[in-house]
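Going left to right, the sequence shown walks through residues 1 to 278 as full-length UniProt numbering numbers them.
Idealized CB from N, CA, C, for every residue including glycine.
A quick write-up on the structure given underneath.
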Amino acid sequence: MLDPPSPPIETNGDEWGEANGSLDPEEEEERLQETADPSSTEDPILPTQDPSRPPIAPQCDPINRTLTQTETHHHPIGTPKDPTTFPPPQSPTGPTENPPSHSKDRPYPCNECGKTFGRLTHLKTHQRTHTGVKPYSCMECGKSFGHLSTLTTHQRLHTGERPYRCGACGKTFTNPSDLNKHQRSHTGERPYPCMACGKRFSQQSNLTMHQRSHTEERPYPCGACGKSFKYLADLTVHERSHTGERPFPCVQCGKSFSNKSSLARHTRIHARAAARDK
Numbered sequence: 001m002l003d004p005p006s007p008p009i010e011t012n013g014d015e016w017g018e019a020n021g022s023l024d025p026e027e028e029e030e031r032l033q034e035t036a037d038p039s040s041t042e043d044p045i046l047p048t049q050d051p052s053r054p055p056i057a058p059q060c061d062p063i064n065r066t067l068t069q070t071e072t073h074h075h076p077i078g079t080p081k082d083p084t085t086f087p088p089p090q091s092p093t094g095p096t097e098n099p100p101s102h103s104k105d106r107p108y109p110c111n112e113c114g115k116t117f118g119r120l121t122h123l124k125t126h127q128r129t130h131t132g133v134k135p136y137s138c139m140e141c142g143k144s145f146g147h148l149s150t151l152t153t154h155q156r157l158h159t160g161e162r163p164y165r166c167g168a169c170g171k172t173f174t175n176p177s178d179l180n181k182h183q184r185s186h187t188g189e190r191p192y193p194c195m196a197c198g199k200r201f202s203q204q205s206n207l208t209m210h211q212r213s214h215t216e217e218r219p220y221p222c223g224a225c226g227k228s229f230k231y232l233a234d235l236t237v238h239e240r241s242h243t244g245e246r247p248f249p250c251v252q253c254g255k256s257f258s259n260k261s262s263l264a265r266h267t268r269i270h271a272r273a274a275a276r277d278k
């Protein structure tokens, strides 16, 4: 629980969020990735595929593999697949030759939000986002997860295992979803367009955050003063104005800042001074 509000110290608030419409797509993607809410990508079930585009096969070495998203097991099966290509599922009431006719490829709808799924196990896993049930616990730290695959990925933070390698640059990842997202930095693929302005993004989560620049949505309120922000990272920076935390020190003079962008601006002062002294 945060202490009562104190006078703001030094913060950029959500200054970049207000002005991000002026950034080019590459810059905005980088900034959106910095502001991503970890919880928004904590439980990926399968990589999202743009239905209008054919799947892109990752150009990676044999270390690559993917996770099945069932409730009972997890093992390598090769290139990630779209859930709509999986075998026909059973109906919610048991095996049947005629599953519900909501959609031929995605016959299982969530009664809570209407989202549809191609497999019953995917529907059951999704429903935990509404119930909050997290049946899989990490024996190392006790953190719980709604998906077995997410627990497996989390455990790699303890073991250091990063089994998914990019064939283009060699960078490794703990899960195939992050590898697929990273590979778009090499291919330039941006399959998620903004319907309001046409700008395209490589990740669905970045598109979602960008869309707030067109609306007044501010889903992250400060618990100390009530001010709301569009981006989780902006809330985090703002909260430091109450706590006084300045975790970004300048290596040249020792002055500390509450956010990376303020440190970067300060560092340029040293660079200009050094250039003048030459």
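* Asked: How would you label residue 195, buried or exposed, when you count the other beta carbons within 10 angstroms and need 16 or more for buried?
  -> Stepping through the sequence shown from its first residue, residue 195 is reached at position 195. By the Cβ neighbour-count rule, residue 195 is exposed, with fewer than 16 other Cβ atoms within 10 Å of its own.
* **Cβ shell of residue 173 (< 7 Å), same chain only, five flanking positions each side left out** => In the sequence shown, residue 173 corresponds to position 173, counting from 1. Once the five neighbours on either side are set aside, the close Cβ partners of residue 173 are 162, 164, 179 and 182.
* **Proximity winner among 114, 261, 224 and 264, relative to residue 130 (alpha-carbon distances)** => Your numbering for residue 130 matches position 130 in the sequence shown. Each of 114, 261, 224 and 264 was checked against the Cα of residue 130, and the nearest Cα belongs to 114.
* Asked: Under the three-state reduction of DSSP, which class applies to residue 125: helix, strand or coil?
  -> What you label residue 125 is simply residue 125 of the sequence shown in a count that begins at 1. Three-state result, residue 125: helix.
* How close, in whole Å, do the beta carbons of residue 246 and residue 257 come, if the pair is a contact with beta carbons under 8 Å? -> Taking the first residue of the sequence shown as 1, we reach residue 246 at position 246. Taking the first residue of the sequence shown as 1, we reach residue 257 at position 257. In this structure, residue 246 and residue 257 form a Cβ contact; the two beta carbons are roughly 6 Å apart against a cut-off of 8 Å.
* Bridge partners - residue 136, DSSP secondary structure assignment -> Within the sequence shown, residue 136 is the residue found at index 136, counting from 1. Beta-bridge partners of residue 136 (DSSP): 145.
* **residue 144 classed as buried or exposed, judged by whether at least 16 other C-beta atoms fall within 10 angstroms** => As a first step, residue 144 is located in the sequence shown; it is residue number 144 there, counting from the start. The C-beta of residue 144 has fewer than 16 other C-beta atoms within 10 Å across all chains shown, which makes the residue exposed.
* Which value, in whole angstroms, describes the spacing of the CA atoms of residue 210 and residue 278? -> In the sequence shown, residue 210 corresponds to position 210, counting from 1. In the sequence shown, residue 278 corresponds to position 278, counting from 1. Whole-angstrom Cα-Cα distance: 42 Å.
* Asked: Secondary structure at residue 116, three-state DSSP: helix, strand or coil?
  -> If you number the sequence shown from 1, residue 116 lands on position 116. Strand.
* **alpha helix (DSSP H) segments (min. 4 residues) lying fully within the segment 194-229** => Under the rule that a run must span 4 or more residues, the alpha helix (DSSP H) segments found entirely inside the segment 194-229 read 204-211.
* If we count the other Cβ atoms within 10 Å of its Cβ and call it buried at 16 or more, is residue 135 buried or exposed? -> Along the sequence shown, one-based indexing puts residue 135 at 135. With fewer than 16 Cβ atoms within 10 Å of its Cβ, residue 135 is classed as exposed.
* Skipping 5 residues on each side, what residues in its chain have a beta carbon closer than 6 Å to that of residue 192? -> Walking along the sequence shown from the start, residue 192 turns up at place 192. 201, 204 and 207.
* **Minimum C-alpha distance to residue 112 - residue among 219, 126 and 242** => Here the question's residue 112 lines up with position 112 in the sequence shown. Selection 219, 126 and 242 evaluated against residue 112 yields 126 as nearest (Cα-Cα).
* Which residue from 222, 250, 266 and 276 puts its Cα closest to that of residue 237? -> Here residue 237 corresponds to residue number 237 of the sequence shown, with the count starting at 1. If we check each option's Cα against that of residue 237, 222 comes out closest.
* Buried or exposed: which applies to residue 233, given that a residue is buried once 16 or more other Cβ atoms fall within 10 Å of its Cβ? -> Here residue 233 refers to the residue found at position 233 of the sequence shown. Burial call: buried.
* Rank 106, 269 and 263 by C-alpha distance to the C-alpha of residue 248 and give the top, closest one. => Translated into positions along the sequence shown, residue 248 becomes position 248. Minimum Cα distance to residue 248 is reached at 263.
* Asked: In chain order, what residues of the same chain have a beta carbon less than 8 Å from the beta carbon of residue 214, not counting five sequence neighbours either side?
  -> Along the sequence shown, read from residue 1 onward, the residue named residue 214 stands at position 214. Answer for residue 214: 194, 196 and 197, listed in chain order.
* To do: Could you tell me which residues DSSP puts in a beta bridge with residue 185?
  => Locating residue 185 in the sequence shown gives position 185, where the first residue counts as 1. Answer is none; residue 185 lacks a bridge partner.
* Local conformation of residue 283 per DSSP, three classes -> Absent from the model: residue 283. The displayed extent of the chain is 1 to 278, so no value can be given.
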